[in-house]
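To keep things clear, I will list the structure first and then write my remarks on it.
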Amino acid sequence: MTEDMTTRRRGGLPADDPASSSHETYDFARIQARWLPVWQRMDAFRADRLAAASRDAAGAEDPRERRYVLDMFPYPSGDLHMGHGEAYAFGDLLARYWFQRGYNVLHPIGWDGFGLPAENAAIRNSTHPAEWTYANIETQAESFKRYGASFDWRRRMRTCDPEYYRWTQWLFLRFYERGLAYRKASAVNWCPRDQTVLANEQVTGGNCERCGTTVTKRELTQWYFKITDYAQRLLDDLEPLEATWPERVLAMQRNWIGRSEGVSVDFVVDGREAPVTVFTTRPDTLFGATFFVVAADAPLAQEICAPEQRAALDAYLEQVRRSTEVERLSAEREKTGVFLGVHAVNPVNGRRIPAYAADYVLADYGTGAIMAVPGQDQRDWDFAAAHQLPIIRTVRPPDDFDGEAYGGDGPAINSANDEFSLDGLPVEEAKARIVAWLETKGLGAGTVTFRLRDWLVSRQRYWGCPIPIVHCGSCGEVAVPDDQLPIELPDLRGADLAPQGVSPLATASGWVDVDCPTCGGPARRDTDTMDTFVDSSWYYMRYTSPGYTEGPFDPEALRRWMPVDQYVGGVEHAILHLLYSRFFTKVLYDMGAVEFTEPFRALLNQGQVINEGKAMSKSLGNGVDLSEQLAIYGVDAVRLTMVFAGPPGDDIDWADVSPGGQLRFLQRAWRLAGDVTSEPDADPTGGDPMLRRVTHRTIGEVTDLVEAFKFNVAVARLMELANAVRR
Ligand code: ANZ
Ligand code: ZN
457 MTEDMTTRRR
467 GGLPADDPAS
477 SSHETYDFAR
487 IQARWLPVWQ
497 RMDAFRADRL
507 AAASRDAAGA
517 EDPRERRYVL
527 DMFPYPSGDL
537 HMGHGEAYAF
547 GDLLARYWFQ
557 RGYNVLHPIG
567 WDGFGLPAEN
577 AAIRNSTHPA
587 EWTYANIETQ
597 AESFKRYGAS
607 FDWRRRMRTC
617 DPEYYRWTQW
627 LFLRFYERGL
637 AYRKASAVNW
647 CPRDQTVLAN
657 EQVTGGNCER
667 CGTTVTKREL
677 TQWYFKITDY
687 AQRLLDDLEP
697 LEATWPERVL
707 AMQRNWIGRS
717 EGVSVDFVVD
727 GREAPVTVFT
737 TRPDTLFGAT
747 FFVVAADAPL
757 AQEICAPEQR
767 AALDAYLEQV
777 RRSTEVERLS
787 AEREKTGVFL
797 GVHAVNPVNG
807 RRIPAYAADY
817 VLADYGTGAI
827 MAVPGQDQRD
837 WDFAAAHQLP
847 IIRTVRPPDD
857 FDGEAYGGDG
867 PAINSANDEF
877 SLDGLPVEEA
887 KARIVAWLET
897 KGLGAGTVTF
907 RLRDWLVSRQ
917 RYWGCPIPIV
927 HCGSCGEVAV
937 PDDQLPIELP
947 DLRGADLAPQ
957 GVSPLATASG
967 WVDVDCPTCG
977 GPARRDTDTM
987 DTFVDSSWYY
997 MRYTSPGYTE
1007 GPFDPEALRR
1017 WMPVDQYVGG
1027 VEHAILHLLY
1037 SRFFTKVLYD
1047 MGAVEFTEPF
1057 RALLNQGQVI
1067 NEGKAMSKSL
1077 GNGVDLSEQL
1087 AIYGVDAVRL
1097 TMVFAGPPGD
1107 DIDWADVSPG
1117 GQLRFLQRAW
1127 RLAGDVTSEP
1137 DADPTGGDPM
1147 LRRVTHRTIG
1157 EVTDLVEAFK
1167 FNVAVARLME
1177 LANAVRR
């Protein structure tokens, strides 16, 4: 057991008792009580402070160079915890670093106010989601102040305020006008517990990202944002971020976007006039395509199915609908499927190959149909083995190869027709030759496919931003005119918000029934609310002018502050929030509303705070309470502990760190400062030259270390300086 835990047990203070009240003693309680109110009174961390302080008429500019340091804003669930303590310690360190260097720093704070936990808490406690949310926001704000966070409090913002979500709705309408917000029916991810749909990004390992319940599929008409239109740009624009974003985040985004270069090849199918196109990354294997597979849940399967096989297909489909995407893609799982009663014609050799419906082919990737090449693709091999289908190798495996499908390089075999031959060519050359042939014949063409799907943004829940669309019997979908925004949420106090598969808004008849903005006839509001990730896709722009009433942001303020110079937040947002924010920025750029194409110049991910090797949790009983730590060791020692524990990206195990040790360091440093600090008018070139040299070296090194995010090493240098001073 560490010494600190002993002291924590006793609830007392470690050695060097700071409570003894000599003037040189570091008494954190007294220091905090004295200075925190002063900072607040001074508005010490206000952006554009010099302009505000100047006596000139309005319009005076703060002349200093600007830095925008942004922390991912919190979700208001309860009070701040150790994880917040860490994340905001890093953001605060960076903001203060730039403040101290004389920059005009924007370091704002706000709250991601909408979302399911508020609604679930409201259902549990029979309160209103707004009450829960705003009370938690107040609690967190007070804790941030006690934590000494260097925020510009005048800019504080909440996405659940109508003044904010008015502009979320306004942005939705701009997307809608551009065809980037649209409704379609499709099989969507459905969380049976939360009774709402989920975006692909919110399904992790087949489970609901929020509650862990296994996600199922439902056929529903939902709103989407057309993020796929931006797939290539979202990919290309990652490259310039290489030096300033964590490698891991870039890799996760690239992987999620999933660009795949291949070829589309047309197959004639019995009874269908237009050929069916498949997407393949291995056109060189075409001579080995011995069967054809359509995703069982793609409309195409129904379309080409022979009448006598229809019943078999329906029964199979029923079984498929009950399985999750992860199960479907699992390599170990037995490859199931049904014969569709028709054949496709392999375009290179005219051979008739049977067509199947199977679930290992996904309806919404590529074209939802594949040519199956069991000799080279293991999934196809497994299916062929299970259904007694022929296997023809078209690449010769090495002599010592004893596997099944062979996916490696080698000379082509069994790959010739009357017009050309690939035999003997290595894979890349064979690909080039066959693509050229397919193209001259008009049978295929090079093509690019992305794994990224459109972003499903509608939710069947109450506590979110209403979708500003009205459904009219005569006019259809009608956009609510800008001057009628915001569409405020109805209060619904006392109403049953329990999830039941339709939005609780549907029951608010006084709110739902409206006159059509176009024809004046009876119409109904759209009763879905937006995914909260829509709210957080643009909040960082709103911070530049939070009170602005003419638009989502003042273009002039935006020009001055954006892009964000330094973003700090958890790696759990590597895909969702960061990808969506990048997408929003690009759409706004195309609208001419912003002049930049990427929102965040640099990104720092912090790790997690854990205890005894495990995530802190109530059930494990290993939670550490932030406010308790602050009471025992003081804000500075706790923050120093976070910063000194290791590289910011690593997890901090609270069992391994020593806030008591940091407190003692601060006590020593405080005493030393009292001993050695010179009078203000002392000759700066005087004193001990050795010490002066050490001081300057430390300043130089700490500067570089902070900018390289090596905060722990920077602290070590300061400790060395303290030792040198003492000597
Ligand atoms: C024949 C082939 C032979 C393939 C071979 C691969 C290896 P990526 O790289 O992920 O883009 N495919 C195409 N659409 C599919 C779908 N909707 N569901 C499941 N699989 C699908 O993978 C592209 C390859 O995945 C394509 O190339 C296709 O199989 C399969 F030796 O075609 B290939
Ligand atoms: Zn109408």
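Under our numbering, the first residue of the sequence shown is numbered 457, with each subsequent residue one higher.
From the three backbone atoms N, C-alpha and C, an ideal C-beta is built for every residue, glycine too.
- Around histidine 563, the same chain offers Phe501, Val525, Ala551, Ser606, Phe607, Asp608 as residues with beta carbons nearer than 7 Å, after the five sequence neighbours per side are excluded.
- In this structure, arginine 915 sits away from methionine 613, with a CB-CB distance that is not shorter than 8 Å.
- Close CB contacts of methionine 708 within its chain, under the 7 Å cut and outside five residues either way in sequence, are with Ala1030, Ile1031 (chain order).
- Ranked by Cα distance from glutamine 1085, the first of Gln496, Gly539, Ser533, Gly1143 is Gly539.
- Inter-residue distance for valine 851 and aspartate 820 is about 29 Å (C-alpha atoms, whole angstroms).
- Look at threonine 741: its beta carbon is less than 7 Å from one of the heavy atoms in ligand 1.
- In the DSSP secondary-structure assignment, glutamate 675 is bridged to Ala643.
- For methionine 1175, the enclosing alpha helix (DSSP H) begins and ends at 1167 to 1182.
- Put simply, of Tyr1089, Ile683, Phe876 the residue whose alpha carbon is nearest the alpha carbon of glycine 635 is Ile683.
- According to the DSSP secondary-structure assignment, glutamate 587 is paired through a beta bridge with no residue.
- In its chain, beyond the 5 residues on either side, Thr746, Phe747, Ala828, Pro830, Pro846, Ile847 have a beta carbon closer than 8 Å to the beta carbon of alanine 840.
- Arginine 523 is classed as buried because its beta carbon has at least 16 other beta carbons within 10 Å across all chains shown.
- Restricting attention to alpha helix (DSSP H) runs no shorter than 4 residues, the region 779 to 844 encloses them at 781 to 785, 834 to 842, ordered along the chain.
- The shortest C-alpha to C-alpha distance from arginine 907 to any of Leu690, Lys673, Asp833, Asp568 is the one to Leu690.
- The DSSP assignment places complete alpha helix (DSSP H) segments of no fewer than 4 residues inside the region 957 to 1040 at 965 to 968, 988 to 991, 995 to 998, 1011 to 1017, in order along the chain.
- Apart from sequence neighbours up to five positions away, the residues of its chain that approach leucine 769 with a beta-carbon distance below 8 Å are Ala752, Ala757, Gln758, Cys761, Val794, Leu796, Ala813, ordered along the chain.
- In this structure, glutamine 688 has its beta carbon at no less than 7 Å from each heavy atom of ligand 1.
- When secondary structure is reduced to three states using DSSP, leucine 1082 falls in the helix class.
- With a cut-off of 7 Å, the C-beta of glycine 822 is classified as near ligand 1, since at least one heavy atom of the ligand falls inside that distance.
- By the C-beta criterion, the region 1048 to 1055 is judged not to be in contact with the region 1083 to 1097, since fewer than 3 inter-stretch pairs fall below 8 Å.
- Boundaries of the alpha helix (DSSP H) around isoleucine 487: 484 to 498.
- Look at leucine 908 here: in three-state DSSP terms it is coil, with no helix or strand label.
- Residue side-chain check: arginine 738 places its Cβ nearer than 7 Å to a non-hydrogen atom of ligand 1.
- Collapsing the DSSP output to three states places methionine 708 in a helix.
- Ligand 1 approaches alanine 751 closely enough that one of its heavy atoms is under 7 Å from the residue's Cβ.
- Secondary structure at methionine 1146: helix, using DSSP grouped into helix, strand and coil.
- Remark: the C-beta of threonine 792 is outside contact range of ligand 1, defined as less than 7 Å to any heavy atom.
- With a threshold of 7 Å, the Cβ atom of glycine 864 does not count as near ligand 1, since no heavy atom of the ligand is closer than that.
- C-alpha of serine 930 to C-alpha of cysteine 975: approximately 8 Å in a straight line.
- Here the alpha carbons of aspartate 499 and glutamine 488 stand approximately 16 Å from one another.
- For ligand 1, a non-hydrogen atom lies closer than 7 Å to the CB of isoleucine 826.
- For arginine 486, the closest C-alpha among the options Asn1168, Tyr620, Tyr1089 is that of Tyr1089.
- A buried status is given to cysteine 664, since no fewer than 16 other beta-carbon atoms sit within 10 Å of its beta-carbon.
- The beta carbon of lysine 1070 sits closer than 8 Å to those of Leu1076, Asn1078, all from its chain and outside the five residues before and after it, given in chain order.
- Partner residues in the beta bridge of isoleucine 1108, as assigned by DSSP, are Val1065.
- With a cut-off of 7 Å, the C-beta of valine 817 is classified as near ligand 1, since at least one heavy atom of the ligand falls inside that distance.
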